[in-house]
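A.B. asks: Shown below is the structure under consideration.
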Amino acid sequence: MIPTSHLHSALNSALDTHSHSPHTKMLIVGLTGGIATGKSTVSKLLKDKHDLTIVDADVIAREILEPGQPAYKKVVEHFKGQVTDLFVPDSDKGQGAAINRPALGRAVFGKENEKNRLFLNSVTHPAVRKAIVWQGLSAWIWGNRLVVLDIPLLFESKLDRYCGMTVVVSCSDPIQVERLMKRDGSDRADAEKRIESQMSVQDKKKLADKVLSNDGTLAELELQVDDLVKTITPGIIWTFLTWIPPIGLASALWTYVDRNYIRSKL
Numbered sequence: 017m018i019p020t021s022h023l024h025s026a027l028n029s030a031l032d033t034h035s036h037s038p039h040t041k042m043l044i045v046g047l048t049g050g051i052a053t054g055k056s057t058v059s060k061l062l063k064d065k066h067d068l069t070i071v072d073a074d075v076i077a078r079e080i081l082e083p084g085q086p087a088y089k090k091v092v093e094h095f096k097g098q099v100t101d102l103f104v105p106d107s108d109k110g111q112g113a114a115i116n117r118p119a120l121g122r123a124v125f126g127k128e129n130e131k132n133r134l135f136l137n138s139v140t141h142p143a144v145r146k147a148i149v150w151q152g153l154s155a156w157i158w159g160n161r162l163v164v165l166d167i168p169l170l171f172e173s174k175l176d177r178y179c180g181m182t183v184v185v186s187c188s189d190p191i192q193v194e195r196l197m198k199r200d201g202s203d204r205a206d207a208e209k210r211i212e213s214q215m216s217v218q219d220k221k222k223l224a225d226k227v228l229s230n231d232g233t234l235a236e237l238e239l240q241v242d243d244l245v246k247t248i249t250p251g252i253i254w255t256f257l258t259w260i261p262p263i264g265l266a267s268a269l270w271t272y273v274d275r276n277y278i279r280s281k282l
């Protein structure tokens, strides 16, 4: 078993950029946003329209909580006495019933559920992080010129430090609440509680290299995504050079120092 720290080092060497100027040719982009701001829509546009490789943390998080997975047992043991509707009815295929994710969400969102949220994060985040590293490294090995890490908790998990560029999808607070209510069929109080449990969109915007505003139409958002892709797509020559370990390592080291030391003092 390779330690996760070694995997991070490998991914950092393989995927990071050589510069952080407006004309940066990066290979790894961190995509995030608030809940119901439109991050998934942007991710889908990047994948379907622009044929970019997406490493989706939400998909990974669902997979590690499937019956039979190590994290599944820990989560069930912790929450089965607290959440009466923890399982999806008639979903037991032999390894246990599927977890009712909306019910689990209600047990971890809100300030009063902070201990539950911290427990769930302690169980899921290491596994999600490791899977992200493996998938990102695999994408680089297969010759992908650009990899997008779609991570809701990009800044909270500190994975932004391994990205050549970070992109936040934002919208106004009222629109965010309305979209979440419509999407999940929740009332306003529950929607606001979920939003308050996460880092605010405004705080994420302050940390981002690029912000996509999603207060308008899908067509307007799509134009912003098109412009983003034109900016971030790396050249073939630079992609080839980053496959050479010394160049990839130097590139990764500069990006890490730039993001964690130089820009933090500006």
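With my numbering applied, the sequence shown closes on residue 282, and no number is skipped along the way. By construction, the Cβ of each residue, glycine as well, lies at the ideal position given by its N, Cα and C atoms.
#1: For residue 51, does the three-state DSSP call read helix, strand or coil?
#2: Rounded to the nearest angstrom, how far is the Cβ of residue 228 from that of residue 210, given a contact under 8 angstroms?
#3: Would you identify the three-state DSSP class for residue 28, choosing helix, strand or coil?
#4: Thinking C-alpha only, which one of 111, 80, 112 and 116 is nearest residue 104?
#5: Roughly how many angstroms separate the alpha carbons of residue 60 and residue 236, rounded to a whole number?
#6: Where does the unbroken alpha helix (DSSP H) through residue 169 begin, and where does it stop?
#7: Can you give me the start and stop residues for the beta strand (DSSP E) that residue 140 sits inside?
#8: Under 7 angstroms between the Cβ atoms of residue 46 and residue 182?
#9: Assuming residue 99 contacts residue 119 (C-beta within less than 8 angstroms), just tell me the rounded distance between them.
#10: Identify whether residue 65 lies in helix, strand or coil by the three-state DSSP scheme.
#11: Using beta-carbon positions only, say whether residue 191 and residue 219 come within less than 7 angstroms of one another.
C.D. replies: So, to answer that:
#1: The count along the sequence shown starts at 1 and reaches residue 51 at position 35. Note: residue 51 maps to coil in three-state DSSP.
#2: By 1-based counting over the sequence shown, the position of residue 228 is 212. By 1-based counting over the sequence shown, the position of residue 210 is 194. 21 angstroms between Cβ atoms; not a contact.
#3: Locating residue 28 in the sequence shown gives position 12, where the first residue counts as 1. For residue 28, the predicted model reports a pLDDT of 49, less than 50, meaning its position is unreliable and no value from the coordinates is stated.
#4: Along the sequence shown, one-based indexing puts residue 104 at 88. Closest option to residue 104, Cα to Cα, is 116.
#5: If you number the sequence shown from 1, residue 60 lands on position 44. If you number the sequence shown from 1, residue 236 lands on position 220. Distance between the alpha carbons of residue 60 and residue 236: 15 angstroms.
#6: Taking the first residue of the sequence shown as position 1, residue 169 is located at position 153. No alpha helix (DSSP H) holds residue 169; DSSP gives it neither H nor E.
#7: Mapped onto the sequence shown, residue 140 falls at position 124. Run containing residue 140: none in the beta strand (DSSP E); it sits in the alpha helix (DSSP H), 130-157.
#8: Position 30 of the sequence shown, counted from the start, is the residue given in the question as residue 46. Position 166 of the sequence shown, counted from the start, is the residue given in the question as residue 182. The answer is yes: Cβ separation under 7 angstroms.
#9: Locating residue 99 in the sequence shown gives position 83, counting from the first residue. Locating residue 119 in the sequence shown gives position 103, counting from the first residue. The Cβ separation is near 5 angstroms, so the contact holds.
#10: Here residue 65 corresponds to residue number 49 of the sequence shown, with the count starting at 1. Of the three classes helix, strand and coil, the one that applies to residue 65 here is coil, per DSSP.
#11: As a first step, residue 191 is located in the sequence shown; it is residue number 175 there, counting from the start. As a first step, residue 219 is located in the sequence shown; it is residue number 203 there, counting from the start. No, the pair does not count as a contact, with Cβ atoms beyond the cut-off.
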